[in-house]
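Okay, so the sequence shown: first residue is 244 according to the numbering used here, each after it adds one.
For each residue, glycine too, the CB sits at the ideal point set by N, CA and C.
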Amino acid sequence: MALLQGNPFPLPVFAATFSQGARYAQSGQTQSTPANNSYGLKIYGGVVASWGIHAALVADSDTAEYRKFGADRFKMAAQELLFPSDGSEAHKYNGTLTLVRYDGKHCMEHEIVIEHEEHVYVLATLVSNLEKGFKISPLSVPLDGSFRIVRFGPMPSQQVMQLLSAAYQDGRHVQDGNVMYSEIQGFRLDFHEVNEKWRRVCIDGRVVVVEENGWMNVHKERRSLVNILLPKLLPHNKD
């Protein structure tokens with residue numbers, strides 16, 4: 244009988260909390276009742292928390308309109324978001340982004356409000372790759388617990404495509420001067436959008452719609468909630 248051997252290791256996670264009116268969305272439809280209790284929704288994640296193009300792409304590609312196209316639905320949804328078929332410009336996502344960073348000198352956290360309130364891409368992650376070859380956070384190391392954010396603001400849609408394509412080139416997008424890429428402890432978004440389509444966020448593939456004038460707060464979880472078993476390195480036997 245084989246026994247499972249290895250060392251337990253804490254799996255890094257983050258917690259996303261929301262204003263009271265936030266609701267899950269499924270298959271493009273927003274739930275009619277709040278997704279949690281009167282204190283607001285709380286979700287734990289281990290991969291990604293996003294708003295903007297990434298979250299909109301995840302949400303739109305899961306609608307009946309796009310699911311019938313199979314794997315091509317992601318490309319089609321991205322095309323419509325960046326180059327709307329009605330001839331309008333791509334949407335600029337309006338909201339206040341506040342970063343939480345750790346000050347090692349004073350051993351305390353501090354908040355930084357980002358000057359710009361128009362965004363295109365806001366994504367924080369605990370991992371390096373969101374899919375094979377798509378290295379969104381090149382400095383991330385498996386299980387090191389570092390939480391990093393990638394953010395850029397409005398720019399021509401063709402330039403957005405070039406930036407996202409650069410992520411497939413070993414994460415070269417973070418070298419662009421228009422991209423903010425840094426380690427954080429967490430972040431808060433206060434949404435200033437009237438249309439709920441632009442208030443959708445993504446937590447590890449789950450889509451949440453935040454109510455008008457609502458907020459999302461994401462913070463690296465200090466507690467160890469889940470352990471994974473890593474294999475032990477066995478000594479090499481020369482015999």
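Just list the residues that DSSP pairs residue i with in beta bridges.
i           : result
residue 378 : 372
residue 387 : The partner list for residue 387 (beta bridge, DSSP) is empty, contrary to what the question assumes.
residue 339 : 433
residue 362 : 336
residue 256 : Note: residue 256 sits in no beta bridge, so no partner.
residue 251 : 472
residue 295 : 364
Assuming residue i is part of the beta strand (DSSP E), what are its boundary residues?
i           : result
residue 395 : 390 to 395
residue 354 : 351 to 356
residue 314 : Premise fails: residue 314 is in no beta strand (DSSP E) and is neither H nor E.
residue 459 : 458 to 463
Between residue i and the rest of its own chain, which residues show a CB-CB distance below 6 Å, the 5 nearest in sequence each way excluded?
i           : result
residue 326 : 400
residue 239 : No answer is possible for residue 239: it lies beyond the span of the chain, which begins at 244 and ends at 482.
Express the C-alpha separation of residue j and residue i in angstroms, rounding to a whole number.
i           : j           : result
residue 473 : residue 385 : 12 Å
residue 363 : residue 372 : 20 Å
residue 390 : residue 330 : 37 Å
residue 368 : residue 338 : 20 Å
residue 429 : residue 351 : 13 Å
residue 310 : residue 322 : 15 Å
residue 414 : residue 359 : 24 Å
residue 314 : residue 328 : 20 Å
residue 422 : residue 343 : 18 Å
residue 433 : residue 356 : 11 Å
residue 340 : residue 431 : 6 Å
residue 452 : residue 282 : 16 Å
residue 261 : residue 420 : 31 Å
Can you give me the Cβ contacts of residue i inside the same chain, cut-off strictly under 8 Å, excluding the 5 residues immediately before and after it?
i           : result
residue 324 : 296, 299, 300, 303, 333, 334
For the alpha helix (DSSP H) that contains residue i, what are its first and last residues?
i           : result
residue 265 : No alpha helix (DSSP H) holds residue 265; DSSP gives it neither H nor E.
Step through the CB atoms of chain D and report whether any lies within less than 9 Å of the CB of residue i.
i           : result
residue 415 : Note that chain D does not occur in the displayed structure, where there is just one protein chain.
Say whether the stretch 284 to 294 touches the stretch 434 to 451, bearing in mind that this needs 3 or more beta-carbon pairs closer than 8 Å, one atom from each stretch.
yes
Report yes or no: do three or more beta-carbon pairs, one from the stretch 367 to 384 and one from the stretch 407 to 424, lie closer than 8 Å?
yes
Spell out a yes or no on whether the stretch 461 to 468 and the stretch 252 to 263 are touching, meaning 3 or more CB-CB pairs, one atom from each, closer than 8 Å.
yes
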